[in-house]
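Every letter in the sequence shown is one number past the one before it in the UniProt record's numbering, and letter 61, counting from 1, is 61.
The beta-carbon is built from N, C-alpha and C at its ideal position, and this holds for glycine as well.
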Amino acid sequence: MITAEREVALGRVPEHPFVLVSQPSVLDSTRAPSGRQVLWAYTHVPPGSDADQSEAIVRRIEGFAPGFRDSILATASSTARGMSQIDPNLVGGDILGGQVTLRQLVKRPVLSTRPWKTPVAGLYLCSASTPPGPAVHGMNGWHAATLVLREEFGIREPPPLLP
1 MITAEREVAL GRVPEHPFVL VSQPSVLDST RAPSGRQVLW AYTHVPPGSD ADQSEAIVRR
61 IEGFAPGFRD SILATASSTA RGMSQIDPNL VGGDILGGQV TLRQLVKRPV LSTRPWKTPV
121 AGLYLCSAST PPGPAVHGMN GWHAATLVLR EEFGIREPPP LLP
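See the structure below:
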């Protein structure tokens with residue numbers, strides 16, 4: 001992992017990338033047809049890279065789960081440059097919503113006790129560009145939803161996260 005991330009930091013596409021994998025259909029069966037599973041994976045590349053890492057990702061997973069390649073029914077992929085063309089907010093393909101520095105974690109996107117609320121009435125933000133920042137999947141939306149419930153509907157106590 002350290003070697004792969006060092007390569008990316010030096011502007012090179014790693015031969016053996018660090019791969020992040022999720023299989024959301026294990027917890028939510030509505031994400032896949034009956035009897036099937038969905039898996040998504042990604043890896044880090046230099047900003048703006050045109051490298052398609054699909055094959056490198058499959059090779060890495062196959063190394064830990066032999067037979068994985070044969071279980072693939074369909075794939076979809078994008079490069080870092082392709083992602084920034086689809087969504088201009090993903091500058092260079094950066095899915096983290098900007099630098100993850102102490103300043104940006106505190107001031108994401110503005111210094112405020114309610115950074116999810118915008119000056120536009122009824123408009124709230126809930127992306128990786130809001131606290132607690134990227135890689136804390138779902139919590140940005142939970143914080144925004146809690147604020148909406150409190151400010152728009154007067155609900156002081158948010159519902160529990162688990163049933």
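Ile61 vs Ala41 beta-carbon contact at 9 Å: Yes, these two residues count as a Cβ contact at 9 Å.
Cβ-based burial, Lys107 [other Cβ within 10 Å; buried from 16]: Exposed, because fewer than 16 other Cβ atoms sit within 10 Å of the Cβ of Lys107.
Contained alpha helix (DSSP H) runs [length at least 4] in the region 100 to 151, N- to C-terminal order: Correct list: 102 to 106.
Contact check, Thr79 vs Gly93, beta carbons under 9 Å: Contact annotation: Thr79 and Gly93 have beta-carbon atoms nearer than 9 Å.
Span separating the alpha-carbon of Val13 from that of Ala121: Between Val13 and Ala121, the C-alpha separation is close to 44 Å.
For Thr43, the first and last residue of its enclosing beta strand (DSSP E): From DSSP, the beta strand (DSSP E) with Thr43 extends over 40 to 43.
Proximal residues to Trp116 (C-beta, below 7 Å), its chain only, five neighbours per side dropped: Answer for Trp116: Tyr124, Leu125, Cys126, Thr130, His143, Ala144, Leu147, listed in chain order.
Those residues which DSSP pairs with Ser84 across a bridge: Looking at the DSSP assignment, Ser84 forms no beta bridge with any residue, so it has no partner.
Same chain, Cβ closer than 8 Å to Pro134, five either side skipped, listed in chain order: So the qualifying residues of the chain are Ile95, Leu96, Gly97, Val100, Ala128.
Interface flag, Ala128 vs chain B, CB-CB below 9 Å: In the structure shown, chain B cannot be found, because there is only a single protein chain.
Same chain, Cβ closer than 7 Å to Val8, five either side skipped, listed in chain order: Taking C-beta separations shorter than 7 Å and ignoring five residues to either side along the sequence, the partners of Val8 in its chain run Pro14, His44, Val45, Pro46, following chain order.
Beta-bridge partners of Leu96, as assigned by DSSP: BP columns for Leu96 are empty, so no partner.
Selected residue, minimal CA-CA separation from Leu162, among Ile86, Leu27, Ser34, Ala4: Put simply, of Ile86, Leu27, Ser34, Ala4 the residue whose alpha carbon is nearest the alpha carbon of Leu162 is Leu27.
Inter-residue spacing [alpha-carbon to alpha-carbon] between Arg114 and Gly63: Linking Arg114 to Gly63 through their CA atoms gives a straight-line distance of about 45 Å.
Three-state secondary structure (DSSP) of Ser22: Residue state for Ser22 is assigned as strand, using DSSP reduced to three classes.
Where Glu15 sits in the DSSP three-state scheme: Glu15: coil per DSSP, three-state reduction.
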